[in-house]
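K.L.:
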Amino acid sequence: TLGIIGAVAAMTIPNLIQSYKEKEYTAKLKKFYSVMENAGRLVEEEYGSVDSWGLSNSFVENDSIPQEQIDAKEKSKEIFWKRYSKFIHLTEQKGSNIYGKKKKPNRPTAGQLKRFLTFNDGTTVRTTWLQASSTNCSNNNSCGDLSIDLNGSNGPNAVGRDIFFFEITKNGIKPMGYKGTKVRPFEQW
Numbered sequence: 050t051l052g053i054i055g056a057v058a059a060m061t062i063p064n065l066i067q068s069y070k071e072k073e074y075t076a077k078l079k080k081f082y083s084v085m086e087n088a089g090r091l092v093e094e095e096y097g098s099v100d101s102w103g104l105s106n107s108f109v110e111n112d113s114i115p116q117e118q119i120d121a122k123e124k125s126k127e128i129f130w131k132r133y134s135k136f137i138h139l140t141e142q143k144g145s146n147i148y149g150k151k152k153k154p155n156r157p158t159a160g161q162l163k164r165f166l167t168f169n170d171g172t173t174v175r176t177t178w179l180q181a182s183s184t185n186c187s188n189n190n191s192c193g194d195l196s197i198d199l200n201g202s203n204g205p206n207a208v209g210r211d212i213f214f215f216e217i218t219k220n221g222i223k224p225m226g227y228k229g230t231k232v233r234p235f236e237q238w
C-alpha cells in the first residue's frame, strides 16, 4: 500500500508543482501589465504621451560613442522610470540611479547600459530601450520596449515562461505581439 501511494505521489507531485508555477507566473504577468497600464494612464494624464517628452533614443550601438551621448541616453531612461515610479513602487537594483542618486561609475559599455528595477512581488525589469523620438513614435507607434523577468534571476529564465517583452507605445505599454502591431506580431513567434 505504501509503495502504491509513493508511486502515485511521485507521478502527481511534479505536475502539481508545474501547474502551481504556471498559475503563479500568469498571475504575476497579469498584475505587472495591469499596474503598468494604470500607471501609464496616470503618467500620460500628468506628462502627456511619451512621444512628447523629448526623450532621446537609449540604444547604444557601440562602446566608442562619447560619454555625453551615453549620459543623454541614460537620462532618457531615468526620466521615463522616474515618471512611472511616481505611481508604482520600484526598488533600484545593482547600482542603478533611477531615483536620482548620482553615482559616478566607470564609463559603462554598451552591454552595461541596462536598468534593473524590481517590483514588490519580485518581478524585475531586465531592459528598457527607448526609440522615443517623436517621429518614430508617430510613424509606427513604437516608442521603445522593455523586458521583465517574473522571478528575478531565479530560473528558468526562458522567454515565454518567466521572461516577457512589452512595447512602449504613445498609448501606454502593450505586450509584444498585440493585435495590429508590426513589431514581433504573434504570427511570427
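In my numbering, the protein residues as written are 50 to 238. Built from N, CA and C at the ideal position, the CB exists for glycine as well.
Between which two residues does the alpha helix (DSSP H) harbouring residue 122 extend?
P.N.:
As a first step, residue 122 is located in the sequence shown; it is residue number 73 there, counting from the start. Looking at the DSSP string, the run of the alpha helix (DSSP H) that includes residue 122 is 116-134.
K.L.:
Measure the CB-CB distance between residue 172 and residue 108 and report whether it falls below 7 Å.
P.N.:
As a working note, residue 172 is residue 123 in the sequence shown. As a working note, residue 108 is residue 59 in the sequence shown. No, these two residues do not count as a Cβ contact at 7 Å.
K.L.:
Per the DSSP calculation, residue 194 is bridged to which residue(s)?
P.N.:
As a first step, residue 194 is located in the sequence shown; it is residue number 145 there, counting from the start. Its beta-bridge partners are 178, 216.
K.L.:
Any chance the region 63-76 sits against the region 109-128, with 3 or more Cβ pairs inside 8 Å?
P.N.:
Counting Cβ pairs under 8 Å, fewer than three are found: no touch.
K.L.:
Taking the C-alpha atoms as reference points, what is the distance between residue 26 and residue 54?
P.N.:
This structure cannot settle anything about residue 26, because the visible part of the chain is limited to 50 through 238.
K.L.:
Can you give the Cα-Cα distance for residue 120 and residue 178, rounded to whole angstroms?
P.N.:
Counted from its first residue, the sequence shown places residue 120 at position 71. Counted from its first residue, the sequence shown places residue 178 at position 129. Looking at the two C-alpha atoms, the distance is approximately 14 Å.
K.L.:
Residues bridged to residue 223 by DSSP?
P.N.:
Translated into positions along the sequence shown, residue 223 becomes position 174. 216, per the DSSP bridge assignment.
K.L.:
By the three-class DSSP mapping on this structure, what secondary structure does residue 172 have?
P.N.:
Position 123 of the sequence shown, counted from the first residue, corresponds to residue 172. Residue state, collapsed to three classes: coil.
K.L.:
Using DSSP's beta-bridge definition, name the partner residues of residue 140.
P.N.:
On the sequence shown, position 91 is the one that residue 140 refers to. Residue 140 pairs with 167.
K.L.:
Whole angstroms is fine: what's the gap from residue 125's alpha carbon to residue 76's?
P.N.:
Along the sequence shown, one-based indexing puts residue 125 at 76. Along the sequence shown, one-based indexing puts residue 76 at 27. Going by the C-alpha atoms only, they are around 30 Å apart.
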